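Have a look at the structure below, then the notes.
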Amino acid sequence: MATSLFLSPHRSLRGSGVAERIDTPAYHAGRLQADVAAALRRARTRGNPHPVALGAIPFDTRQPSALVVPQVSEFVDRNAVLHGGAVELPPILHAQSIPGEERFKQGVRQAVANFGLSEIRKAVLSRLLDVELAGQADAGDIFRRLVARNPSGFQFRLPLADGSELVGVSPELLVRKEGARMESNPLAGSARRDADPARDRQVSDALLRSSKDAYEHRLVTDEIRRVLAPVCQELSIPEHPSLLSTAAMWHLSTPIEGVLHDPAMGALELACRLHPTPAVCGFPTRLARKLIDLVEPFDRGLFAGMVGWCDDEGNGEWAVTIRCGRVAGNRVQLFAGAGIVADSCPDAEWAETQAKLQTMLGALTAREAA
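Numbering (the working numbering), first residue to last: 6 to 375.
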């Protein structure tokens, strides 16, 4: 029986089996919410006392969603879910970046040139790393390694309808909603950590002082404020970002809290209103999407979408689908992106994607790849 996992600092969820699949595109947000609500009602009639919908929604909301209502779902202790020791994974035979380094840097230059010709202010450009292993890739083994190296954040393992699996560990909360209260924690502006503590402090201090990263981050928080203000009677957004760290990266972070006008507004509706934020797309959204479609030579699929769960009482939690990979056979597709603004340097943006890829590459026992 397939097992889905979404592990969170707040509440961790395990789903077993598939009672129903929901593939309604999130572009039709009202229809998706209605289809999820109907599926959860059917689950209750089948005797499930607290049904949930669990899964992922793509970056491009016109594409099918990948949600399931598990036959059995339960909230669990995240520390008790994983078991088994380290397993040797097959070695990497080959890794190909799509686009390659020079084409990615050309895309950055193209994006920067567009900023002077239109209203676009930010675009997030990403790359895919197609990794071929010497043998079958086991998503469970990769997930255990990933969690061992990255014990904080939002960890997920989702079997998909085509037989592949989505695994990852995201540091970024899109939205959490319980009762009338909601939270979000956007990240934008990043720097690679240093193994030396003194240099690592210098890296984090420089990130806090960076006007380029502060501008990139403000574009995200301003847009989230615009989306949330009409639906919240109280909304707290700090004036200046703080720092959030992962094993590999420093990020500028703004924890946001709010109280909804209507407590019946569900977590999925809030997530659909927010997605995609400028942290994974750009600003303005419509223009950034056009630029991404023009520059990126691959389909993001579930990368830079959202992953999480919701229940039939409107509660739920959704993370941004970053630091992730799609596992199928002996191949693992990894993804990483960087926010491009007018002051972006192509070399620095390439280096940022390299640094972000190390989260997943570390779980595959590789240090670096092309």
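Every residue gets a Cβ at the ideal spot worked out from N, C-alpha and C, and that includes glycine. Since we're looking at a predicted model, the values are computed, not measured.
Expressed to the nearest angstrom, what Euclidean distance is found between the alpha-carbon atoms of residue i and residue j?
{"i": "G274", "j": "R204", "result": "Here residue 274 turns out to be Glu, not Gly, going by the sequence shown. Taking the straight line joining both Cα atoms gives about 42 angstroms."}
{"i": "V180", "j": "A58", "result": "15 angstroms"}
{"i": "T290", "j": "G367", "result": "32 angstroms"}
{"i": "Q238", "j": "A144", "result": "43 angstroms"}
{"i": "A234", "j": "A252", "result": "33 angstroms"}
{"i": "E25", "j": "V74", "result": "5 angstroms"}
{"i": "P56", "j": "L240", "result": "30 angstroms"}
{"i": "Q68", "j": "M311", "result": "13 angstroms"}
{"i": "A356", "j": "G263", "result": "35 angstroms"}
{"i": "E373", "j": "Q363", "result": "Confidence at E373 is low in this model, with a pLDDT of 39, below 50, so its placement is unreliable and no value can be given for it."}
{"i": "K110", "j": "A116", "result": "10 angstroms"}
{"i": "A375", "j": "Q101", "result": "Unreliable positioning characterises A375 in this predicted model, as indicated by a pLDDT of 36, which lies under 50. A coordinate reading is not provided."}
Per DSSP, what kind of secondary structure is residue i in: helix, strand or coil?
{"i": "A343", "result": "strand"}
{"i": "T290", "result": "helix"}
{"i": "P14", "result": "coil"}
{"i": "C329", "result": "strand"}
{"i": "R305", "result": "coil"}
{"i": "P351", "result": "helix"}
{"i": "A375", "result": "The predicted model places A375 with a pLDDT of 36, which falls under 50 and marks its position as unreliable, so this point remains unresolved."}
{"i": "S209", "result": "helix"}
{"i": "D316", "result": "strand"}
Taking residue i as the reference, give the member of the options with the closest Cα.
{"i": "L94", "options": "V264, H256, V332", "result": "V332"}
{"i": "H15", "options": "F80, A144, L369, G35", "result": "F80"}
{"i": "A48", "options": "D317, R197, V92, P235", "result": "D317"}
{"i": "P63", "options": "F340, G342, T326, Q363", "result": "T326"}
{"i": "D352", "options": "E107, A185, G330, G52", "result": "E107"}
{"i": "H99", "options": "A341, E262, E228, V337", "result": "V337"}
{"i": "G22", "options": "T8, Y32, H266, V208", "result": "T8"}
{"i": "V174", "options": "A153, A211, G184", "result": "A153"}
If you follow the alpha helix (DSSP H) that residue i is part of, which residue opens it and which one closes it?
{"i": "E232", "result": "Sequence check: residue 232 is Val here, not Glu. Start and end: 216–233."}
{"i": "R154", "result": "144–154"}
{"i": "F109", "result": "106–120"}
{"i": "E274", "result": "272–279"}
{"i": "L37", "result": "34–50"}
{"i": "A85", "result": "83–86"}
To which residues of the same chain is residue i closer than 8 angstroms at the C-beta, ignoring the five residues directly before and after it?
{"i": "Q38", "result": "G271, L273, E274, C277"}
{"i": "Q141", "result": "P95, G334, N335"}
{"i": "R46", "result": "D317"}
Looking only at its chain, what residues have a beta carbon closer than 7 angstroms to the beta carbon of residue i, apart from the 5 residues adjacent to it on each side?
{"i": "T226", "result": "P191, I242, T259"}
{"i": "G313", "result": "F11, G321, E322, W323, A324"}
For residue i, which residues from the same chain have a beta carbon less than 6 angstroms from its beta carbon, with the 5 sequence-adjacent residues on both sides left out?
{"i": "A371", "result": "Confidence is the limiting factor: at A371 the pLDDT is only 42, short of 50, which leaves the residue's position unreliable, though a coordinate-based value still follows. I97, listed in sequence order."}
{"i": "F303", "result": "I103, L133"}
Taking the beta strand (DSSP E) that residue i falls in, what are its first and last residues?
{"i": "Q238", "result": "237–241"}
{"i": "E93", "result": "Looking at the DSSP string, E93 is not in any beta strand (DSSP E), and its letter there is neither H nor E."}
{"i": "H256", "result": "254–258"}
{"i": "G263", "result": "261–265"}
{"i": "E137", "result": "127–138"}
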